[in-house]
Structures are given as C-alpha cells and as structure tokens.
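Undergrad: Protein chains in written order, with this note's numbering: chain A, 0 to 325; chain B, 4 to 331. Sharing a structure below in structure tokens format, with a few things to ask.
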Amino acid sequence: MPENLVEVRNLVKHFPIRSGVLQRVSGQVRAVDGVSFDIPKGSTMGLVGESGCGKTTIGRTILRLVESTAGSVRFEGEDLFAIPRSRLRVMRPRMQMIFQDPYSSLSPRMPVGEIIGEAVREHGIVPPGEYRKYLAEVMESCGLQKQHVDRYPHEFSGGQRQRICIARALALKPRFIVADEPVSALDVSIQAQIINLLKDLQSEFALTYLFISHDLSVVEHISDTVGVMYLGSMVEMGNKKTIFEKPLHPYTKALFSAVPVPDPLVRMDRVILEGDIPSPAHPPPGCKFHTRCPNRMEICSREVPETIRYADGHEVACHLYSKEGP
Amino acid sequence: MPNMEAEFDRSLFQPLNEEQKERNLMVRPSLTYWQDAWQRFRRHKPALIAMLVLLLIFLGAIFIPAISRYDYDQQIRTARNQFPSWEHLFGTDKLGRDLFIRVVYGARISLSIGFVASLINLTIGVLYGGISGYIGGRVDNIMMRIVDVLYSIPLLLYVILLKVVFQDYIDEAFKNTALASLKSLGPELILIYVVLGSVYWVGMARMVRGQVLSIKNNEYVLAARASGASGPRIILRHLVPNAIGQIIVTVTMSIPSAIFTESFLSFIGIGVSAPMASWGSLASDAYKGLASYPYLLLFPALAISVTVLAFNIMGDGLRDALDPRMRR
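The following block contains the structure:
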C-alpha cells in the first residue's frame, strides 16, 4: 500500500456568526464538520459536492490558510496544526494552492515574472544565478512563452491566467497541490487544456492533488479517489471506479444522475431532490441529508449514521447500509 | 491541373532552425516597472509641464536666494511701495523689501510644508491604514477609534494647544542644540511641522484602510500567504501597490491642503514669524493695502495657485502612469 502524503482526521471548521453592536457570537456556521480522509502519494483525490458544502473551506483549512476549529492534518508525517508559524512558513513551498478565479488570484500590479518568481527568490528555491533560467523553464512547462515575463496579468486570457497560477504554484517545487475549482471559470475547450496540463505535470513532477470541483465529469477524468460532500460532512468516499459505477449513498446517486449523458438515445433516470440545501448554521439533526433523501427512514432524523468502511476502501455514511456489505 | 512543381523553388521553403526562429520573434522590449511608468507619464503632456513648473519653483527656491541682490528682510528705504519693474520684479512692500525674493523664500516654506505633509502621509498614513486594514478585527477597531479622535479635534484649537504646551520646549531646543541653525525659520514654523506631522496622516490612514479591506479579500493575497509571505511583505508588496492610485491622488490633494493650512495659519497670525515670509503671510500683509497695491497680493496668490494646480495635474498623470493597465 502506498504511503499517504496527507492524512486528514476529524477536520472541523466552524465560523462564528457575530451580531449586534457588541459583535457577540450568536451562532456557528458548520462549514466542515468532522471530515477524515487520506491522500496517497502521487494520487489525486477529487472532492465533489454542491456549492456551500465546505469543499473550499476544507482546501484552505488543510493548508492552514484558515485556522481549523478541531482535528488534525498530517503532511509528510508532520502535524500541520501543531507546528509553530515559523516552521509552517518553511513548509509552505511544499504545499501549494491553485485558485478558482484566475482574475482575482493574480495581482494586477505585478508582472508575470514577479508573480511566479517572488516566492521562488524568497524561499531560495534555486540559486540566484539560475533564477532567470528557472523562471523560463517553469513558464514553458506550463505552456507560457518565456518572453512574456514582463507582461501584466490583464494582457492575458483566462486560460493563460490559470496557467500563470499553475506556474506560480509549481515554481516552488511543491509535493502537494490543492486545486480549488481550477477550471470552473474557464471555457470548456480551455478546461480540457488545463486539466491535461495538470495531469502532465503530475506525472512529470510526481505531484499529489486534492482536486475540488462541482463538475463530475472533470473529477472523473482526473481523480483516483473521490469524496462526496454534503453540508460539511463526507457522505461517501472510494476509488473513482466504484463511486462512479456503484454509488451507494442516495445523495451521490442523485448527484450522478444529474450528469448529462452525451447520447440522445439514453433515457436518463434523474433522481430529483426536493427542497433546498439546509443552512449550515442550523444543520438538521441525525443524518444531515434526511430532509431531502428519497430513501428516508425513521431512524435518519434521530441518529447520525456512522461511516462504514468496506474492504475495497469504499466508505459510506448512511443508515441504508450495514457493515456486512451493500 | 497544371504542374505546380515547376512554379517555385523548393529551397525557398525550408523550415527555420532554432536560432532563426528566435530572431524572428516579435517581442516588446522588456522594461522595468519604473521605465514603463515614465514612458506613460511622458505621454501625458499637461502632467509633464506641471512637473517642469514644480521643478522650476523648487530649484528657484533653492538657488535664487544665493544669487539675488536683495535679502528677504533687507529694507530699501528709497524704494518703498514700488510697482513691479526690472529692478524689483514683483515690486516692493511698504517697508521697501523686494517682493520677489520674499515670494522665493515663501516657496521654501510652502514647499517644505508640502514635503513634510506628503512624507508623513506616505509613511505613517499608509502603514497605519495598511496595518489596521490587514489585521482587521479588534486591532482595526482600536486603531480607527484613535484616528476618529484625532480627526475630531479642530486644527486651530490643536495648534493653539500645542503652542501653549510646546513653546517652552521648542525655545529651549533652539538655544542649546543643533537646531539653533534653524532659528531663522522661527518656532512657529517648527510648530506647524509638528502639527502637520501629528494629524495630517489621518485622512490617508482612513483611505488606505478602506482600500486594503477590499483588496485583501482578493485571492492573490491568499496566494501570497500560501507561499509563506509575511504580514509586512503582503502589506507592502501586494496591498499597497494595488492601492497606489488612490494613495497618489490623496497625497497630491494633501500637499495643496497643507500649503493652504500654513497660509491660513500665517494669515491669522500664528504661522511664520516676521520678518520671515510665507505665501500665506505675504497674502495676509498685502490684504491690508489691497486697494492701493494689488500686485502685493497678486504675486503670492499666483504662486499658491500655480503650485497647487501643478501638484494636482501632476498627481493625475502619476496615477495613470503607475497603473500598468493603462499600457497600450
């Protein structure tokens, strides 16, 4: 079994809701509510779920860009939440992030070379003498032209900007990259280019990805394992094949039934969910999904389902299933 | 179909080798940020002219006193209240002092006050606002309430209070220390510097804080943090540069307002002390004899107007020049 690069245990992030003149805490938004998973070295974990289910918060909390409420993250064996900030700063280059919006994630006042190279110099990734050459190398491996180093972000298209973001992350020679919906702001044709670029870079530099997306076809293309989130909790997780071919959780089934099939002759059996996603500030008791679940049982509104783990690594949190097998 | 083979020479259609390819590349020459900004600034003609005017005033204020035949406090009894002439470019006042050289000395004071104001704005104002906005939360709240308190004290009251409190210290300092050489400036002027230094950054701090609050939510700030950038680095390299347009506008607005403040304080009699002259005190003196000797008011007023206008136009040009998005 391959070694895990990232191990997330019981990650919890609650955002306080403040109100009134005195800014008293009047409630908690449970953005992430006890999530655990491992990402083996060199693999890609896809994280799917609808908007507001806590995917982005997971990505940011793992990298400690947002302080967690509870839980632990081990990265290469080190507990990221326990180490001092000075140590964290040194470790930063090893774990990078690619953002969703290539427009707001590049400073409009910095030329491209500076955007990519600032942290390279800061962390001394390459000796000063080789800096210019290294910059050109990184840009070319991300499909950018090296003579564009002095241009500013506004002179590039969305796809090129996302390449700049990727180059910025890659220039620090990371081992782990959190890609937070890296293609959702791009045209479909450009999406494919960027996804393929990410895949190529993965095999070239032995990268490990946490790939956050709400686009199931993209996740199917790039992931090795897939986690499905609903309202801050992981409802189902397993390797790509089992999840896509044999989804267990009613939410996963509903989600996958919404993926359009590019064949007019196939009749789609869509599972239509009733109601809206409940507010994460007041999640329903018991199974969080019971308010919208087509297979709702009496127990669901009372007890939180335990996560059941099967031999093939498939995990599901639902009262419909027992340990013996689906 | 005719045979195309015979029509062209194949040797003309060979692929280029690497070196030839490099040579055919069309690339804009790469410029540093400041070279680039200078090119854009130069295209903005009014701003360029404004800068030259300011440069002229600046150099004049420094060098003219050294080559002038008159001194600012020299009274020529035979030439009182003279109309402008080649002998006295701006005429003379009722004590027979050459107005031109007095306006030049006034420029020294007014420009130095503008300089102090912009320096304070750019350092204390920008850093204070930047830190307050970036850290946010309780720290921001406390820092901004301090600003509110400073903002609420009327300037005039503040000057008078400071004068009462610090007069003795300043006098003492003039007697014993190296500051003695500044004596000709007079204690009131030092007081004006202190006043400007302690309150003039308040507007800038508020503005920068507001800008930073909105800029810090951009993902590039998060990206910088993800790369391990420290707080000061994020403020100075990512937040302040993105607010620079607003900062420059505020600075160019604050220089004229500082010059006006000094003029106003001198006008009501708590600015520079006679016989030293500032543009404000010259205007104040001239005001009394306005009907008979209007030129005494004209020249100082003109100096104030031209300087203030030039600063505004130059600031406008600078703001555009420093924005890489304006690049064509």
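Glycine residues also receive a C-beta, built at the ideal position from the N, C-alpha and C atoms.
Examine chain B for any beta-carbon lying closer than 8 Å to the beta-carbon of Ala118/A, and answer yes or no.
TA: yes
Undergrad: Can you tell me whether DSSP reads Glu129/A as helix, strand or coil?
TA: helix
Undergrad: Distance, Cα to Cα, Glu265/B vs Gly283/B?
TA: 7 Å
Undergrad: So that I know if they touch, is there some Cβ in chain B lying closer than 8 Å to that of Met0/A?
TA: Because the pLDDT of Met0/A is 49, which lies under 50, any placement of that residue in the model is unreliable, and the number read from its coordinates should be weighed accordingly. So, not an interface residue.
Undergrad: Out of Glu117/A, Leu79/A and Ala168/A, state which residue places its alpha-carbon closest to the alpha-carbon of Val65/A.
TA: Leu79/A
Undergrad: Taking only beta-carbon positions, decide if Phe98/A is within less than 8 Å of chain B.
TA: Answer yes: the Cβ-Cβ gap between Phe98/A and chain B drops below 8 Å somewhere.
Undergrad: Just verifying my parser: in three-state terms, what is the DSSP assignment at Ala184/A?
TA: coil
Undergrad: Tell me the DSSP secondary structure of His27/A in three-state form.
TA: Just to set this straight, residue 27/A is Gln in the shown sequence, not His. Note: Gln27/A maps to strand in three-state DSSP.
Undergrad: List the DSSP bridge partners of Thr290/A.
TA: Answer by DSSP bridge pairing: none, since Thr290/A is not bridged.
Undergrad: Give the single residue among Arg17/A, Ser25/A, Cys52/A and Pro15/A whose Cα lies nearest to the Cα of Ser278/A.
TA: It is Cys52/A.
Undergrad: Under the three-state reduction of DSSP, which class applies to Thr251/A: helix, strand or coil?
TA: helix
Undergrad: Are the Cβ atoms of Ala69/B and Leu114/B separated by less than 8 Å?
TA: Not in contact: Ala69/B and Leu114/B (Cβ atoms no closer than 8 Å).
Undergrad: Does DSSP put Ala178/A in a helix, in a strand, or in coil?
TA: strand
Undergrad: Should Gln161/A and Thr43/A be called a contact, given that it needs their Cβ atoms to be closer than 8 Å?
TA: no
Undergrad: Please state whether DSSP places Met54/B in a helix, a strand or coil.
TA: Met54/B: helix per DSSP, three-state reduction.
Undergrad: Taking the Cβ atom as the reference point for each residue, do Val5/A and Phe204/A lie within a distance shorter than 8 Å?
TA: no
Undergrad: Taking just the CA atoms, how far does Glu129/A sit from Val197/B?
TA: 49 Å
Undergrad: Where does Asn124/B fall in DSSP's three states?
TA: Of the three classes helix, strand and coil, the one that applies to Asn124/B here is helix, per DSSP.
Undergrad: Residues of chain A with CB closer than 8 Å to the CB of Asn245/B, please, in chain order.
TA: Ser106, Pro107 and Arg108
Undergrad: By Cβ distance below 6 Å, which residues in the same chain neighbour Met0/A in space, the five residues on each side in sequence not counted?
TA: For Met0/A, the predicted model reports a pLDDT of 49, less than 50, meaning its position is unreliable; a value from the coordinates is still stated below. For Met0/A, where only same-chain residues beyond five positions count, there are no Cβ hits under 6 Å.
Undergrad: Do Arg105/B and Ala280/B have their C-beta atoms within less than 8 Å of each other?
TA: yes
Undergrad: Classify Gly290/B as buried or exposed, calling it buried when 16 or more other Cβ atoms lie within 10 Å of its own Cβ.
TA: It is Tyr, not Gly, that sits at residue 290/B in the sequence shown. By the neighbour-count rule (16 or more Cβ atoms within 10 Å), Tyr290/B is not buried but exposed.
Undergrad: How would you label Pro296/A, buried or exposed, when you count the other beta carbons within 10 angstroms and need 16 or more for buried?
TA: It is Met, not Pro, that sits at residue 296/A in the sequence shown. Classification of Met296/A: exposed, given that the 10 Å Cβ count is below 16.
Undergrad: Counting pairs of Cβ atoms below 8 Å between the stretch 292–310 of chain B and the stretch 44–52 of chain B, do you hit three or more?
TA: Segments in contact, no.
Undergrad: What are the uninterrupted segments assigned as alpha helix (DSSP H) that are 4 or more residues long and contained completely in the stretch 88–133 of chain B, given in chain order?
TA: 102–123
Undergrad: Within 8 Å, do at least three Cβ pairs link the stretch 94–101 of chain A to the stretch 215–228 of chain B?
TA: yes
Undergrad: When the cut-off is 8 Å and only beta carbons count, does Tyr151/A lie next to chain B?
TA: yes
Undergrad: Residues in the same chain with beta-carbon distance under 6 Å from Ala253/A, minus the five sequence neighbours each way, listed in chain order, please.
TA: Val270 and Leu272
Undergrad: Buried or exposed: where does Ser67/A fall if 16 or more other Cβ atoms within 10 Å of its Cβ makes it buried?
TA: buried
Undergrad: Pick helix, strand or coil for Pro259/A, following the three-state DSSP scheme.
TA: coil
Undergrad: For chain A, is any of its Cβ atoms less than 8 Å away from the one on Arg83/B?
TA: no
Undergrad: Should Tyr223/B be flagged as near chain A, meaning a C-beta pair shorter than 8 Å?
TA: yes
Undergrad: Quick one: measure Cβ to Cβ for Pro92/A and Ile124/A, integer angstroms, because I've assumed they're closer than 8 Å.
TA: 7 Å
Undergrad: Less than 8 Å separating the beta-carbons of Ala2/A and Lys40/A?
TA: Going by the sequence as given, residue 2/A is Glu instead of Ala. A contact, by the Cβ cut-off of 8 Å.
Undergrad: With 8 Å as the threshold, decide whether the Cβ of His122/A is near any Cβ in chain B.
TA: yes
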